[in-house]
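Number of protein chains: 2
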Amino acid sequence: MEQGIVIFAGICGAVGILYGILTAIWVVKQEKGTPRMQEIAAAIHEGAKAFLSREYRTVALVGAVIFVLIGIFLSWLAAFGFLLGATGSATAGYVGMMITVRGNLRTSQAAYTSLKNALKLAFRGGSVAGLLVVGLALLSIAIYYSVAKAIDPKQAFYALIGLGFGCSLMSVFARIAGGIYTKAADVGADLVGKVEAGIPEDDPRNPAVIADQVGDNVGDCAGMAADLYETYIVTLVAAMLLGKTVFGAESTWAFFPLLLGGISIIASIVGTFFVRLGAKQYIMGALYKGLAASGILAAVAFYFVSVWFIGKFLPDSKDALAFTPWTVLLTAGVGLVATGFMMIITEYFTSKGFGPVKMIAKASTTGHATNIIAGISVSMRSTMPPAFVVVGAILASYALGGGFAGKEDVGLFAIGLAAASMLSMTGIIVAIDSYGPVTDNAAGIAEMSQMDEKVRGTVLDPLDAVGNTTKAVTKGYAITSAGLCALVLFAEYAREFLAHGIELHFKLSNPLVLAGLFIGGLLPFYYGSRLMLAVGEAAGGVVEEVRRQFREIAGIMEGTAKPQYGQCVDIVTKGAIKAMIIPSLLPVASPILVGFILGKEALGAMLIGVIITGLFLAIQMTSGGGAWDNAKKFIEEGMYGGKKSDAHKAAVTGDTVGDPYKDTAGPAMNPMIKVVNIVALLIVPLLL
Amino acid sequence: MEQGIVIFAGICGAVGILYGILTAIWVVKQEKGTPRMQEIAAAIHEGAKAFLSREYRTVALVGAVIFVLIGIFLSWLAAFGFLLGATGSATAGYVGMMITVRGNLRTSQAAYTSLKNALKLAFRGGSVAGLLVVGLALLSIAIYYSVAKAIDPKQAFYALIGLGFGCSLMSVFARIAGGIYTKAADVGADLVGKVEAGIPEDDPRNPAVIADQVGDNVGDCAGMAADLYETYIVTLVAAMLLGKTVFGAESTWAFFPLLLGGISIIASIVGTFFVRLGAKQYIMGALYKGLAASGILAAVAFYFVSVWFIGKFLPDSKDALAFTPWTVLLTAGVGLVATGFMMIITEYFTSKGFGPVKMIAKASTTGHATNIIAGISVSMRSTMPPAFVVVGAILASYALGGGFAGKEDVGLFAIGLAAASMLSMTGIIVAIDSYGPVTDNAAGIAEMSQMDEKVRGTVLDPLDAVGNTTKAVTKGYAITSAGLCALVLFAEYAREFLAHGIELHFKLSNPLVLAGLFIGGLLPFYYGSRLMLAVGEAAGGVVEEVRRQFREIAGIMEGTAKPQYGQCVDIVTKGAIKAMIIPSLLPVASPILVGFILGKEALGAMLIGVIITGLFLAIQMTSGGGAWDNAKKFIEEGMYGGKKSDAHKAAVTGDTVGDPYKDTAGPAMNPMIKVVNIVALLIVPLLL
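Top to bottom, those sequences are chains A and B.
Add 429 to the 1-based position in the first sequence for the working numbering, that's all there is to it.
Add 429 to the 1-based position in the second sequence for the working numbering, that's all there is to it.
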């Protein structure tokens, strides 16, 4: 029975990949624009490739060591799962990004025809990454589960934890290195370009301008893809494990999450066709239409699939009593509704139409310090609604599973289902997110190749502005889903021990548990602190290099000599790779140390500590950064004196502070929260 | 037996009060300086008095409602305890502050004679508040316990929880209102004075200058006194309650914390005599000598007292086996060592001699944004060592109590003892802290009355600079002790249910417990956000008023007309009082709501959630603010271009951001953490 579901999931994964490839071919076939445009796009392309290959080489070294350690101390099946997970994540990120860096050029060119065509190209460019992420992820779970089961049935599930850890490690590296890269280049380019030399953003005379464009791709596309690739796999795996430990190894419930995943890929593919402009030319609305269509289609399909599943697989067992098709639908609905809420909440805190951003803009009129104080206040406040969404989602799905009516176990599994349902939207979400760097680059290429002002103003700039919103909004989704995913992993951590007859008492009155909570709570603070600093240091390198080029290469400012773009790309690449290593290993080493020194209960408490402060800091940082960014844009539209006013200067300070907040430290919390949890799960056999 | 200890504690408390009164009389008798100086001091005195009386009237209204509610729903003994706690706290704050606002003037005058005399006056002025705090606190515990026991022996301990809640409520109001007042006045005065009008700090032409001076007293003296008054009482009460629930109602161990408190008052009084300048004129060293002397004396006395206590009271009971005099000494030592560590750690992160402050100063050279990024990074990193101190203190004392050897209960009591021992230093700590506003005001009065430049430069400015360090260092102590105190309260919360036969399972796998943790974790973020904003709003009122006076009153800038100081004082007072109400009620209402809606286990988890994020945010904010402040001072000493350089401007931005961080939101976390816990303890009878 389970075999049928696994094969179905594998086929859906393959369909996702196929759709991604076909879309990629379509994108590559589109018109490429003038030679000048192609030249710029090629430079971005080169830089992105150079960065990724360097990043992957470094990760390969670290990964090889970990692979051997897992093989020797834990299990070779898990070790090979680890390898597959890391490779799959890298492939999705690499291929997806190779298409966004081709889509950017073609989107610029399409802008000459119409807004509709440019939007179509930008979104399709992004959707390659989206569908590859979910397709590869689901296919690798299906294949590796089958392979592992054929080799050693007892280890089939444990092998999946190895798979999850592989993506985890890849995602923490990708998020950190991508995040440092993108902001070091951005801040560095702005500091010398805009502030010192007084030239506009994306000006081709700025030697750091290509590095800045590369950064958008490696941070927002490759980083986000790796992050969600991991959340997707890890959540499905954790929900499957919960299904196994709750209902027993023989129950088909363990494979139900795969069904949800498979259906959602199809729903997401159909959803991409709903992305089209209405009469009002409301771009964000077009993207939301695609998301809503995917969600509704998935929900309808969930219902019919549950009817079939419950009728066919569980007619005679007590498992059948766990859920009805309606409660399955409602539980999955909790995940979908949480996704919707997070979109609305993030938009409220980060877009120009609402109070928080307006308040920061107003505070800018009294100076730099009041801008920062207002921004910090908004960022702290923005944690409240998401916290209630997470709490609400947990309690609602637990209740739907009957957790409050004595069926605690089923309630836990229901939380896993809600998380899996939330994550099932990953394909379309990554598509919408990757749309951001495509349009951002398209606008940059247009600026650098001195494209027609009108086309830029009416087509590319509006597309780019929406890209900023989609980037912020999908970050909110990534964080909440990471939080839910980590909670499911934690639940599974406790269940694993129970399955071996050990009941863990995470009693808060036990000082070891308190110690674990404090150490866990501390990790995100320390980790965030390091990342904030790393951006500053890497940006400093860019500033010096740009200053050197302005000084030594005559004619740059007059436009008669070409800056050495490659030098800046190289400096940021090296800086980001160097800075990523220690912070990436922190969440891997901490659970091992705490587990062996303070014990398994302290480790469990540490997991919760990390989730709590990590979630709050991640939300604080990404929302705060987005709000600062848009407060600056609000003033640039003419409010409080517009550009060049004192208020604008203060707003630029806030925006610069917000950059590493929202694009480096904040998003890097997600993989960190999950890595800690999956490492803990991985070392359970050693703690037993 | 217990009666003897209670009487001893009462006598020690009375001795502390007597010493405070005698010192106050001595301070008041000292020379008062010129009429101009007296006039300024009188204005500060007036403003401070007006603020406190307005604050107390507001608290009285809120308190009256709560008093009646406690009486009706819980117990009238607890209600009267609440009244006594609030009154005692208010008295200590009021009287202590009335002496610091007299000590300031006399310190200015003493500066004419010698540094030694000025230091003596400033420290004695501060030590009135210190000794009154501990004296009144210990005396009120002793008296109210005896009274309550005479009326209803069963409720004697519960009445003490009411007493604790009274101080708690007072302290949350005092911290918030004082914190908003001090920073609104400071930021407001700086924004118009220094930045707009270009006049120096403490210039008598600035209409907000008196409000600024008043702020130092209401924030650092009255606010800190109320905060530590509460921590002191609540910790002793919680340790006594733990002693009762762990060893049984008849055990004398419940009264052992009172012995520690009593002895330490005497040790603190003796310690004050050790505050004297050495040959090297190292002022901070003189203060540390007093602290070290108090700590060592207390530790020695703890040992002999334990020998006597264990020999006399517990010869035949199994209680005697709980501790030996040596383990008592070591457990108390854990508290004293934690105090020492916190001093060193705070100094490392906030003083000019070390890396963190230097890094922020260096980052200021590249602008406002990099200063802020560096400061945020330092602030986040500064949470690490204190977290390990707290974890270490918990684990060490638990181990000393035999917690890891099967005696979990005694281990918990040992944590209470370590906390009580840490808090026993409160007297000398408040003395050192209150020294800060005295010297700050003394320097301000000297500036405003145009005192001899040389006396100011060689005596008052060095004294004032040390005051900044003592304020930062004692904040670190206040936070850590608040964290330990809250943990003891939490332990007692769980024990209370156990004493009624209900074992609470705070299992982290229970979604209600997770919900409690998240809601608890959220509170400090939301609370901090509101306080940051409140400072900005109140400061805005000051800015407008100062601008109005400059515009409407001719001759202010020429020094021919006097500004209306009282108007500014009035505006800040009203603003602070208005802004304090909702944030103060948040920690009172939240545990009640969570307790009744989500249940007692969710409430317990919420307590821990508040402690974790509250502790981290409090440390982050106070250390970060201190570091920003001193980075600015470092540049003012001539580094990176000195005053008026671009680096200095950036550093001023950081300092202004740090102001509400370190003096409003950060310190206000302490009472918040404790209030939530004590309210939970208070409503236990309703949750049973």
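Where a beta carbon is used, it is the ideal one built from N, C-alpha and C, also for glycine.
I believe residue i touches residue j by the beta-carbon criterion, under 8 angstroms. Please report the beta-carbon distance rounded to the nearest angstrom.
| i | j | result |
| --- | --- | --- |
| residue 793 of chain A | residue 1069 of chain A | 7 angstroms |
| residue 554 of chain A | residue 456 of chain A | 5 angstroms |
| residue 851 of chain A | residue 903 of chain A | With a Cβ gap of about 13 angstroms, residue 851 of chain A and residue 903 of chain A do not count as contacting. |
| residue 632 of chain B | residue 622 of chain B | 7 angstroms |
| residue 434 of chain B | residue 688 of chain B | 6 angstroms |
| residue 664 of chain A | residue 848 of chain A | 5 angstroms |
| residue 820 of chain B | residue 830 of chain B | Contact flag wrong, Cβ pair sits at about 16 angstroms. |
| residue 601 of chain B | residue 1100 of chain B | 4 angstroms |
| residue 808 of chain A | residue 1052 of chain A | 6 angstroms |
| residue 788 of chain A | residue 803 of chain A | 6 angstroms |
| residue 1096 of chain A | residue 652 of chain A | 7 angstroms |
| residue 1024 of chain A | residue 1116 of chain A | 6 angstroms |
Residue i touches chain A at which residues, Cβ-Cβ below 9 angstroms?
| i | result |
| --- | --- |
| residue 785 of chain B | Here the premise fails: no neighbours, minimum Cβ distance about 11 angstroms. |
What is the DSSP secondary structure of residue i, reduced to helix, strand or coil?
| i | result |
| --- | --- |
| residue 633 of chain A | coil |
| residue 1099 of chain A | helix |
| residue 1093 of chain B | helix |
| residue 772 of chain A | helix |
| residue 980 of chain A | helix |
| residue 680 of chain A | coil |
| residue 435 of chain A | helix |
| residue 538 of chain B | helix |
| residue 780 of chain A | coil |
| residue 934 of chain B | coil |
Near residue i, what residues of its chain come up, given a Cβ to Cβ distance below 7 angstroms and the 5 sequence neighbours on each side ignored?
| i | result |
| --- | --- |
| residue 771 of chain A | 815, 818, 905, 906, 909 |
| residue 588 of chain A | 506, 507, 510, 573, 577 |
| residue 985 of chain B | 634, 978, 979, 992 |
| residue 704 of chain B | 552, 715, 716, 718, 719 |
| residue 670 of chain A | 586, 921 |
Using the beta-carbon of each residue, which ones in chain A are nearer than 8 angstroms to residue i?
| i | result |
| --- | --- |
| residue 820 of chain B | 943, 944, 947, 948 |
| residue 1089 of chain B | 802 |
| residue 832 of chain B | 940 |
| residue 1042 of chain B | 950, 1041, 1042, 1045 |
Show which residues of chain B have a CB atom less than 9 angstroms away from the CB atom of residue i.
| i | result |
| --- | --- |
| residue 958 of chain A | 805, 806, 807, 808, 809, 810, 811, 812, 813 |
| residue 496 of chain A | The premise fails here: residue 496 of chain A is roughly 31 angstroms from chain B at the closest Cβ pair, so nothing lies under 9 angstroms. |
| residue 756 of chain A | The contacting residues do not exist; residue 756 of chain A stays about 16 angstroms from chain B at best. |
| residue 1033 of chain A | 937, 938 |
Are there any heavy atoms of the ligand FMN lying less than 6 angstroms away from the beta-carbon of residue i, as far as the coordinates show?
| i | result |
| --- | --- |
| residue 544 of chain B | This structure simply doesn't include the ligand FMN, nor any ligand for that matter. |
Starting from the beta carbon of residue i, find every residue of chain B whose beta carbon is closer than 7 angstroms, and list them in chain order.
| i | result |
| --- | --- |
| residue 1086 of chain A | 798, 801, 802 |
At a CB-CB cut-off below 8 angstroms, which residues of chain B make contact with residue i?
| i | result |
| --- | --- |
| residue 935 of chain A | 935, 936, 937, 938 |
| residue 795 of chain A | 620, 969, 972 |
Within a Cβ cutoff of 6 angstroms, which residues of the same chain sit near residue i, ignoring the five residues on either side of it in sequence?
| i | result |
| --- | --- |
| residue 1094 of chain A | 957, 960, 961, 1050 |
| residue 924 of chain A | 674 |
Against residue i, what residues of chain A qualify as contacts under a CB-to-CB distance less than 7 angstroms, listed in chain order?
| i | result |
| --- | --- |
| residue 573 of chain B | By Cβ distance, chain A contributes nothing, its closest Cβ being about 28 angstroms from residue 573 of chain B, past 7 angstroms. |
Near residue i, which residues of its chain fall below 8 angstroms by C-beta distance, leaving aside the five closest residues on each side in sequence?
| i | result |
| --- | --- |
| residue 799 of chain A | 792, 793, 1079 |
Counting pairs of beta carbons, one from the stretch 511-529 of chain B and one from the stretch 677-697 of chain B, are three or more of them closer than 8 angstroms?
no
Could you tell me whether the stretch 893-900 of chain A touches the stretch 853-865 of chain A, using the rule of 3 or more Cβ pairs below 8 angstroms?
yes
Are the stretch 1037-1055 of chain A and the stretch 430-444 of chain B in contact at 8 angstroms, needing three or more beta carbon pairs?
no
Taking contact to mean at least 3 C-beta pairs separated by less than 8 angstroms, is the stretch 1023-1039 of chain B in contact with the stretch 963-970 of chain B?
no
Could you check whether the stretch 446-462 of chain B touches the stretch 554-573 of chain B, counting it as contact only if at least three pairs of C-beta atoms, one from each stretch, sit closer than 8 angstroms?
yes
Evaluate the contact criterion for the stretch 560-567 of chain B versus the stretch 646-665 of chain B: three or more CB pairs, one atom per stretch, below 8 angstroms.
yes
Segment contact, 8 angstroms Cβ cut-off, at least three pairs: the stretch 997-1008 of chain A with the stretch 911-919 of chain B
no
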